[in-house]
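Numbered per my numbering, the sequence shown spans residues 74 to 256.
By construction, the Cβ of each residue, glycine as well, lies at the ideal position given by its N, Cα and C atoms.
All figures in this text were calculated on a predicted structure; none of them were measured in a lab.
Let me begin by presenting the structure, written as structure tokens, before commenting on it.
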Amino acid sequence: MKVVGFAGYSGSGKTTLVEQLIPELRLHGLRVSVVKHAHHKFDIDHVGKDSWRHREAGAYEVAVASDRRMALMREFERAHAPSVHELLTELDPRVDWVLVEGFKDSDLPKVEIWRAPSPEYHERPALYPHDPCIVAVATDAPALPAPTALPVLDVRSPHAVAQWLLAQGARFDYVPQRAEVCE
């Protein structure tokens, strides 16, 4: 399993890039999973559905499956923010690539999505100058805020980003709970 993170501030385009990378990788016959960091309380269930009713009745976990999909919902009895490594262990080990959106403080190798300030996007500091786990920067800006030797990818070209990921594949082989600082 290969794992790569996509880090950046809200509104930078992480979701859009990840959404575009999935079909690019699938064109190569690869199975792709996504781990997404969500903020606070979120729900994928609907009021009144059987699974919602089971959760409301106090079930710790509810698994819903059909011949086309499976979902597992788990209620934490106390607030608990699972680490990205905990979430990765929950995935099917037969997956080829896992695209991790968010978890910008994780020790995974990450591509930073960096946007230049605009009327729609407030200026934010770049992560790559201070995060040794950033392995590339994807941007649409003509210049970055600080010099870097990292590869600079065009965020508007998911095909090129996918090709770069595939060419660099070995560096994304997942090692649970990396002991070393990112390389």
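Below 8 angstroms on the Cβ atoms is my contact criterion, and I expect residue i with residue j to pass it. Report the Cβ-Cβ distance as a whole number of Å.
i, j, result
"residue 101", "residue 239", "7 angstroms"
"residue 78", "residue 181", "4 angstroms"
"residue 144", "residue 117", "7 angstroms"
"residue 231", "residue 97", "5 angstroms"
Tell me the rounded alpha-carbon separation between residue i and residue j.
i, j, result
"residue 81", "residue 126", "36 angstroms"
"residue 244", "residue 130", "45 angstroms"
"residue 220", "residue 199", "11 angstroms"
"residue 106", "residue 196", "31 angstroms"
"residue 146", "residue 124", "9 angstroms"
"residue 89", "residue 83", "12 angstroms"
"residue 85", "residue 122", "35 angstroms"
"residue 166", "residue 206", "23 angstroms"
"residue 91", "residue 152", "28 angstroms"
"residue 162", "residue 241", "23 angstroms"
"residue 191", "residue 218", "14 angstroms"
Quick check on DSSP: helix, strand or coil for residue i?
i, result
"residue 174", "strand"
"residue 169", "coil"
"residue 140", "coil"
"residue 95", "helix"
"residue 234", "helix"
"residue 160", "helix"
"residue 80", "strand"
"residue 209", "strand"
"residue 193", "coil"
"residue 123", "helix"
"residue 226", "strand"
Find out if the Cβ-Cβ distance for the pair residue i, residue j is shorter than 8 angstroms.
i, j, result
"residue 228", "residue 94", "no"
"residue 157", "residue 173", "yes"
"residue 103", "residue 187", "no"
"residue 209", "residue 223", "yes"
"residue 74", "residue 168", "yes"
"residue 216", "residue 226", "no"
"residue 135", "residue 128", "yes"
"residue 76", "residue 247", "yes"
So what does residue i bridge to, in DSSP terms?
i, result
"residue 106", "171"
"residue 146", "135"
"residue 88", "Its beta-bridge partners do not exist; DSSP assigns none."
"residue 248", "Answer is none; residue 248 lacks a bridge partner."
"residue 185", "80 and 210"
Flag residue i as yes if its beta-carbon sits less than 8 angstroms from any beta-carbon of chain C, otherwise no.
i, result
"residue 80", "In the displayed structure, chain C is absent; only one protein chain is listed."
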